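Participant:
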Amino acid sequence: MLPEFPRAVCRNAPTHPCKPLRSGHPQHMTGRDGGPQAYDAGLYVPEGVDLQGLRDAAASCHGCPLYQHATQTVFGFGDVSARVVLVGEQPGDQEDRRGRPFVGPAGGVLMRAIDEAGIDPAETYVTNAVKHFKFQQAGRGKRRLHKAPGVREMAACKPWLAAELRLIEPEVVVALGATAGRSLLGSEFRVTKQRGMVLPMPPLDGDGDEMARGALVATIHPSAVLRAEGADRAEVYAGLVSDLKVAARLLSER
Ligand code: SF4
Numbered sequence: 332m333l334p335e336f337p338r339a340v341c342r343n344a345p346t347h348p349c350k351p352l353r354s355g356h357p358q359h360m361t362g363r364d365g366g367p368q369a370y371d372a373g374l375y376v377p378e379g380v381d382l383q384g385l386r387d388a389a390a391s392c393h394g395c396p397l398y399q400h401a402t403q404t405v406f407g408f409g410d411v412s413a414r415v416v417l418v419g420e421q422p423g424d425q426e427d428r429r430g431r432p433f434v435g436p437a438g439g440v441l442m443r444a445i446d447e448a449g450i451d452p453a454e455t456y457v458t459n460a461v462k463h464f465k466f467q468q469a470g471r472g473k474r475r476l477h478k479a480p481g482v483r484e485m486a487a488c489k490p491w492l493a494a495e496l497r498l499i500e501p502e503v504v505v506a507l508g509a510t511a512g513r514s515l516l517g518s519e520f521r522v523t524k525q526r527g528m529v530l531p532m533p534p535l536d537g538d539g540d541e542m543a544r545g546a547l548v549a550t551i552h553p554s555a556v557l558r559a560e561g562a563d564r565a566e567v568y569a570g571l572v573s574d575l576k577v578a579a580r581l582l583s584e585r
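With my numbering as the guide, the letters of the sequence shown map in order to residues 332 to 585.
1) Is there at least one non-hydrogen atom of ligand 1 closer than 8 Å to the beta-carbon of Pro396?
2) Is the distance from the Cβ of Asp371 to the Cβ of Ala487 below 9 Å?
3) How about Leu441 and Leu496: are their beta carbons less than 9 Å apart?
4) Out of curiosity, what's the CA-to-CA distance linking Thr361 and Cys395?
5) May I ask whether a heavy atom of ligand 1 can be found less than 8 Å away from the beta carbon of His400?
6) Please confirm if the segment 378-385 is in contact with the segment 489-504, defined as three or more CB-CB distances below 8 Å between the two stretches.
7) For Asn459 and Ile445, what's the separation of their Cα atoms in angstroms?
8) Kindly indicate the opening and closing residues of the beta strand (DSSP E) around Leu547.
9) What is the C-beta distance between Val405 and Val505, in whole angstroms, given that I count them as a contact (C-beta under 8 Å)?
10) Following a CB-centred definition, is Ala493 positioned closer than 8 Å to any heavy atom of ligand 1?
11) Between which two residues does the beta strand (DSSP E) harbouring Thr523 extend?
12) Give the straight-line distance between the Cα atoms of Arg386 and Asp563, rounded to the nearest whole angstrom.
13) Would you mind stating whether Met485 and Thr510 have Cβ atoms separated by less than 9 Å?
14) Do His463 and Asp427 have their C-beta atoms closer together than 9 Å?
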């Protein structure tokens, strides 16, 4: 079934789905009925609105199939004046239920690490590369187990992240983990190689739309700390704090 394309907010509505979307937009694909099916949140992103306007519009995004099983869209949280935007992968179980990013165990680790790194939490905006929870049910108990978003879902959701970043224009973006890094820097990104480095902010939609200012620092996702066991956990956490200190230093120099 084709998703609904709300003409009131859709940049491409007059031509959709007969013409290809502009370069850098996610792909059109073939639906089960053989017709075209777009995975593209760009069709739902309104122009000329503030963060609340984006949040409201994202609540009814059908840009990819992930909305079908999740509880709600989990949009970014924080102020438009934030100096740092922290980008995670996708909401987890608790975030999905509560409608706010980083309110689960990984969020607790992140907030502690931010504080330790010397970043003022009041100057941060937290969000995810993908705004709906992707999961699989674990048997009859119905525990919902996190499933990593695929490339198509990441690409589909990118217009929301791009819209957030354009409005906020942060001084520093912190990519937390491989999914956030790949969403912002492309498929070549490797968190093990590029973490803790100061990188230029890349174009947001692949067509040369460079952010005028701002730098990007990548690190691990805070959930990696929770997955580490024993003595490794302290080491993994220290690595996260160390990378965040790179972002803190950038902020102090500006
Ligand atoms: S994951 Fe992103 S693109 Fe997919 S439905 Fe949710 S908000 Fe839209």
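Every residue, glycine too, gets a C-beta built ideally from N, C-alpha and C.
These figures come from a predicted structure and were not determined experimentally.
Facilitator: Looking at the atomic coordinates:
1) On the sequence shown, residue 396 is found 65 positions in, with the first residue counted as 1. Under cutoff, so the answer is yes.
2) Against the sequence shown, residue 371 aligns to sequence position 40. Against the sequence shown, residue 487 aligns to sequence position 156. In this structure, Ala487 lies closer than 9 Å to Asp371 by Cβ.
3) Stepping through the sequence shown from its first residue, residue 441 is reached at position 110. Stepping through the sequence shown from its first residue, residue 496 is reached at position 165. Going by C-beta atoms, Leu441 is not nearer than 9 Å to Leu496.
4) As a first step, residue 361 must be located in the sequence shown, where it is residue number 30. As a first step, residue 395 must be located in the sequence shown, where it is residue number 64. Its pLDDT being 48, under 50, Thr361 is placed unreliably by the model, and the measurement read from it follows with that caveat. Between the C-alpha atoms of Thr361 and Cys395 there is a straight-line separation of about 13 Å.
5) The residue given as residue 400 occupies position 69 in the sequence shown. For ligand 1, not one heavy atom lies less than 8 Å from the Cβ of His400.
6) yes
7) As a position in the sequence shown, residue 459 is number 128, starting the count at 1. As a position in the sequence shown, residue 445 is number 114, starting the count at 1. For Asn459 and Ile445, the distance between alpha carbons rounds to 17 Å.
8) Within the sequence shown, residue 547 is the residue found at index 216, counting from 1. Membership of Leu547 in the beta strand (DSSP E) is indicated by the continuous run 546-550.
9) As a working note, residue 405 is residue 74 in the sequence shown. As a working note, residue 505 is residue 174 in the sequence shown. About 18 Å; that fails the 8 Å criterion.
10) The count along the sequence shown starts at 1 and reaches residue 493 at position 162. For ligand 1, not one heavy atom lies less than 8 Å from the Cβ of Ala493.
11) Taking the sequence shown and counting its residues from 1, the one referred to as residue 523 is at position 192. Annotation: Thr523 is outside any beta strand (DSSP E); the continuous alpha helix (DSSP H) that includes it extends over 522-525.
12) Residue numbering aside, residue 386 sits at position 55 when the sequence shown is read from its first letter. Residue numbering aside, residue 563 sits at position 232 when the sequence shown is read from its first letter. Between Arg386 and Asp563, the C-alpha separation is close to 38 Å.
13) The count along the sequence shown starts at 1 and reaches residue 485 at position 154. The count along the sequence shown starts at 1 and reaches residue 510 at position 179. Yes, the Cβ-Cβ distance between Met485 and Thr510 is below 9 Å.
14) Within the sequence shown, the letter at position 132 stands for residue 463. Within the sequence shown, the letter at position 96 stands for residue 427. A contact, by the Cβ cut-off of 9 Å.
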